[in-house]
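Colleague: The structure follows.
Residue numbers (the working numbering): 2 to 446.
Structure, rendered in structure tokens:
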């Protein structure tokens with residue numbers, strides 16, 4: 002992979018390192034210190050490497066040369082109102098912060114040097130801008146946007162890194178080498194030295210413009226809303242620069258692939274805070290963040306509800322997760338057959354459904370009654386403990402579970418034949434037959 006990992010599951014180790022950095026624990030002894038040496042070695046890749054000359058500044062446009070129409074910014078869908086930058090890495094810094102913030106916000110083209118910066122109010126860039134306006138009223142807020150950064154830096158921009166850790170530092174951990182950066186030519190922000198194109202400019206308080214509609218990751222065109230205008234004063238780029246873009250639409254789309262990678266990073270972070278969590282899954286078909294399935298090692302009555310509340314409140318990334326389904330550890334969180342079975346056999350809708358009103362919701366979610374404000378639902382699909390039910394809870398047949406999974410994995414391409422006419426009080430024997438391969442196994446009931 003482009004992030005220096007052999008496959009997506011290897012990113013679990015990155016998540017473990019990130020969890021360690023969020024809550025570092027001192028070594029408990031020499032053996033523990035020795036075990037943590039690989040983590041400390043990776044930390045050496047965190048500081049950025051500053052360059053004086055960088056490929057992203059081989060060509061410079063300024064003044065009247067700045068014309069964003071010279072960049073092949075594309076329209077993704079037929080009814081999109083204008084060309085849209087979808088993969089820009091926006092770099093900002095608050096007035097009282099040493100570290101920079103990196104975020105990915107889409108930007109609508111509205112003029113030769115004007116873009117609309119669509120960032121939501123809780124995102125890092127928007128918070129930096131708000132603090133700047135309070136600290137420096139009337140002054141322009143410096144902004145730079147890098148196009149064509151490396152995969153590790155892009156993933157770092159969407160990962161819940163600790164507030165004291167920069168996304169550049171985390172990108173260095175991901176790829177195993179320091180992130181190379183260069184100072185912008187018109188402001189003090191630092192951008193990836195290997196980027197293809199960099200847009201430099203500013204945002205002025207009060208300069209807003211209507212953004213949208215655009216076909217979005219939900220599969221719908223979003224509503225029109227007002228966001229700040231980004232004025233581009235300089236463009237720097239590589240010789241023969243390649244424009245980096247993507248499209249957003251109903252999953253599966255390219256951002257959904259990034260969501261799969263990010264999911265693996267998130268699991269160890271959650272497990273650090275909630276050790277009872279076995280797995281955590283954000284299905285791409287749920288827009289990669291609107292629905293979560295959590296499996297836990299349940300330890301007491303009400304445990305599932307505690308986990309629901311923890312997921313919603315622990316990381317900003319889960320602020321917009323509308324549905325949280327909690328299952329026991331015998332359920333595969335990534336297998337809908339398992340999850341639906343747990344919901345339909347372990348849930349009473351009245352007792353096991355949690356509804357929370359008036360919570361933050363994605364502005365792009367027009368299913369909510371008010372823009373940006375809606376409800377959340379938690380589903381407790383765990384086996385019920387004393388105190389949660391007065392009935393005797395049924396025992397599960399492990400053999401039934403095993404054979405059900407065999408059949409599901411086969412795509413249900415099976416025939417069931419009674420091979421023995423058993424007398425009364427003796428088990429019936431069934432043969433499970435795959436028409437393409439012959440008899441698979443015998444099942445005794």
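Ideal placement from N, C-alpha and C gives every residue a C-beta, glycine not left out.
How far does the alpha helix (DSSP H) with residue 93 in it extend, from its first residue to its last?
Modeller: By 1-based counting over the chain shown, the position of residue 93 is 92. Taken as a continuous stretch (DSSP letters only), residue 93 belongs to no alpha helix (DSSP H), being part of the beta strand (DSSP E) at 90-93.
Colleague: Taking residue 128 as part of the alpha helix (DSSP H), name the residues at either end of that continuous run.
Modeller: In the chain shown, counting from the first residue as 1, residue 128 sits at position 127. 125-136 is the span of the alpha helix (DSSP H), which, as asked, contains residue 128.
Colleague: Please return the same chain residues whose Cβ sits closer than 6 Å to the Cβ of residue 318, not counting the five positions on each side in sequence.
Modeller: Reading the chain shown from its first residue, position 317 is the one you call residue 318. So the qualifying residues of the chain are 161.
Colleague: Quick check on residue 180: buried or exposed, where buried means 16 or more other Cβ atoms within 10 Å of its Cβ?
Modeller: As a working mapping, residue 180 is identified with position 179 in the chain shown. Result: buried.
Colleague: Is DSSP giving residue 315 helix, strand or coil here?
Modeller: For the purposes of this step, residue 315 is taken as residue 314 along the chain shown, with counting starting at 1. Helix, per DSSP.
Colleague: If I measure Cβ to Cβ from residue 281 and keep anything under 6 Å in the same chain, skipping five residues before and after, which residues do I get?
Modeller: The sequence position of residue 281 within the chain shown is 280, counting from 1. Taken in chain order, the residues that qualify are 268, 271, 295.
Colleague: State the DSSP-derived secondary structure class of residue 234, mapped to helix, strand or coil.
Modeller: Indexing the chain shown from 1 puts residue 234 at position 233. Looking at residue 234 - three-state DSSP - the assignment turns out to be strand.
Colleague: From the DSSP output, which residues share a beta bridge with residue 328?
Modeller: Counting from one through the chain shown, the residue named residue 328 turns up at place 327. Paired residue(s): 296, 382.
Colleague: Is the CB-CB distance between residue 110 and residue 69 below 8 Å?
Modeller: Against the chain shown, residue 110 aligns to sequence position 109. Against the chain shown, residue 69 aligns to sequence position 68. Closer than 8 Å, so yes.
Colleague: Quick check on the DSSP output: what are the complete beta strand (DSSP E) runs of length 3 or more inside the stretch 181-239, in order along the chain?
Modeller: Segments of the beta strand (DSSP E) lying fully in the stretch 181-239: 181-184, 191-193, 198-212, 226-238.
Colleague: Can you round the beta-carbon distance between residue 230 and residue 50 to whole angstroms, since I take them to be within the 8 Å contact cut?
Modeller: Counted from its first residue, the chain shown places residue 230 at position 229. Counted from its first residue, the chain shown places residue 50 at position 49. That belief does not hold up - the Cβ atoms of residue 230 and residue 50 are roughly 34 Å apart, past 8 Å.
Colleague: Out of 310, 12, 58, 377, point me to the one whose CA is closest to residue 238's CA.
Modeller: For the purposes of this step, residue 238 is identified with residue 237 of the chain shown, where counting begins at 1. The residue with the shortest Cα to Cα distance from residue 238 is 58.
Colleague: Hey, would you say residue 257 sits closer than 8 Å to residue 289, going by beta carbons?
Modeller: Sequence index remark: in the chain shown, residue 257 carries index 256 (1-based). Sequence index remark: in the chain shown, residue 289 carries index 288 (1-based). Contact flag set, yes.
Colleague: Given that a residue counts as buried once 16 or more other Cβ atoms are within 10 Å of its Cβ, and exposed if not, what is residue 201?
Modeller: Walking along the chain shown from the start, residue 201 turns up at place 200. Buried is the call here.
Colleague: For a cutoff of 8 Å on Cβ pairs, would you count residue 132 as touching chain C?
Modeller: The chain inventory of the structure shown lacks chain C, comprising one protein chain alone.
Colleague: From which residue to which residue does the alpha helix (DSSP H) around residue 173 run?
Modeller: Counting from one through the chain shown, the residue named residue 173 turns up at place 172. 168-176 is the span of the alpha helix (DSSP H), which, as asked, contains residue 173.
Colleague: Using 8 Å for Cβ pairs, my map puts residue 79 next to residue 136. What's the rounded Cβ distance?
Modeller: Along the chain shown, read from residue 1 onward, the residue named residue 79 stands at position 78. Along the chain shown, read from residue 1 onward, the residue named residue 136 stands at position 135. Residue 79 to residue 136, Cβ: 43 Å. No contact.
Colleague: Which runs of the beta strand (DSSP E), 3 residues or longer, sit entirely within the stretch 337-373?
Modeller: Fully enclosed beta strand (DSSP E) runs of 3 or longer: 354-361.
Colleague: Taking a contact to mean a Cβ-Cβ separation below 8 Å, would you say residue 61 touches residue 245 in this structure?
Modeller: Your numbering for residue 61 matches position 60 in the chain shown. Your numbering for residue 245 matches position 244 in the chain shown. Cβ atoms of residue 61 and residue 245: not closer than 8 Å.
Colleague: Of the choices 355, 328, 351, whose alpha-carbon is the least far from that of residue 342?
Modeller: Position 341 of the chain shown, counted from the start, is the residue given in the question as residue 342. Nearest of 355, 328, 351 to residue 342, Cα basis: 328.
Colleague: Provide the residue span of the beta strand (DSSP E) that contains residue 102, from first to last.
Modeller: Residue mapping note: residue 102 aligns to position 101 of the chain shown, counting from 1. Element bounds for residue 102: 102-105.
Colleague: Going by DSSP in three states, residue 418 sits in which element: helix, strand or coil?
Modeller: Locating residue 418 in the chain shown gives position 417, where the first residue counts as 1. Reliability fails at residue 418, whose pLDDT of 48 lies under 50, so the model's placement of it is uncertain and the value that follows must be treated cautiously. Residue state, collapsed to three classes: strand.
Colleague: Thinking C-alpha only, which one of 390, 353, 260, 330 is nearest residue 9?
Modeller: Residue 9 sits at position 8 when you count from the first residue of the chain shown. Ranking 390, 353, 260, 330 by Cα distance to residue 9 puts 260 first.
Colleague: According to the Cβ coordinates, are residue 87 and residue 107 closer than 8 Å?
Modeller: The residue you call residue 87 lines up with position 86 of the chain shown. The residue you call residue 107 lines up with position 106 of the chain shown. Result yes, Cβ atoms of residue 87 and residue 107 sit closer than 8 Å.
Colleague: Alpha carbons only, please: which of 233, 169, 214, 15 is nearest the one belonging to residue 67?
Modeller: To locate residue 67, count along the chain shown from 1; it is residue 66. It is 233 whose Cα lies nearest to the Cα of residue 67.
Colleague: Look at the alpha carbon of residue 206 and the alpha carbon of residue 141, and state the distance between them as a whole number of angstroms.
Modeller: Position 205 of the chain shown, counted from the start, is the residue given in the question as residue 206. Position 140 of the chain shown, counted from the start, is the residue given in the question as residue 141. The straight-line gap from Cα to Cα measures roughly 7 Å.
Colleague: Give a yes or no on whether the C-beta atoms belonging to residue 362 and residue 301 are separated by under 8 Å.
Modeller: Position 361 of the chain shown, counting from 1, holds the residue named residue 362. Position 300 of the chain shown, counting from 1, holds the residue named residue 301. No, these two residues do not count as a Cβ contact at 8 Å.
Colleague: Ordered along the chain, which non-local residues of its own chain (more than five positions away) have a Cβ less than 7 Å from that of residue 247?
Modeller: Locating residue 247 in the chain shown gives position 246, counting from the first residue. Taken in chain order, the residues that qualify are 87, 88, 255, 256.
Colleague: How big is the Cα-Cα spacing for residue 277 and residue 359?
Modeller: Taking the chain shown and counting its residues from 1, the one referred to as residue 277 is at position 276. Taking the chain shown and counting its residues from 1, the one referred to as residue 359 is at position 358. Distance between the alpha carbons of residue 277 and residue 359: 28 Å.
Colleague: Tell me whether residue 120 is buried or exposed, calling it buried when 16 or more other Cβ atoms sit within 10 Å of its Cβ.
Modeller: Position 119 of the chain shown, counted from the first residue, corresponds to residue 120. Residue 120 comes out buried.
Colleague: Identify whether residue 179 lies in helix, strand or coil by the three-state DSSP scheme.
Modeller: Sequence index remark: in the chain shown, residue 179 carries index 178 (1-based). Three-state DSSP puts residue 179 in coil, outside helix and strand.
Colleague: Take residue 214 and list the residues in its own chain whose beta-carbon comes closer than 8 Å to its own, dropping the five residues that flank it on each side.
Modeller: Taking the chain shown and counting its residues from 1, one reaches residue 214 at position 213. Cβ neighbours of residue 214 beyond the five flanking positions: 80, 81, 82, 222, 223, 224, 225.
Colleague: Please state if the CB of residue 308 and the CB of residue 16 are separated by a distance shorter than 8 Å.
Modeller: What you label residue 16 is simply residue 15 of the chain shown in a count that begins at 1. What you label residue 308 is simply residue 307 of the chain shown in a count that begins at 1. Contact: no.
Colleague: In this structure, how does DSSP classify residue 156 when only helix, strand and coil are distinguished?
Modeller: Translated into positions along the chain shown, residue 156 becomes position 155. Three-state result, residue 156: helix.
Colleague: Cα separation between residue 392 and residue 306?
Modeller: Within the chain shown, residue 392 is the residue found at index 391, counting from 1. Within the chain shown, residue 306 is the residue found at index 305, counting from 1. Their Cα atoms are separated by approximately 20 Å.
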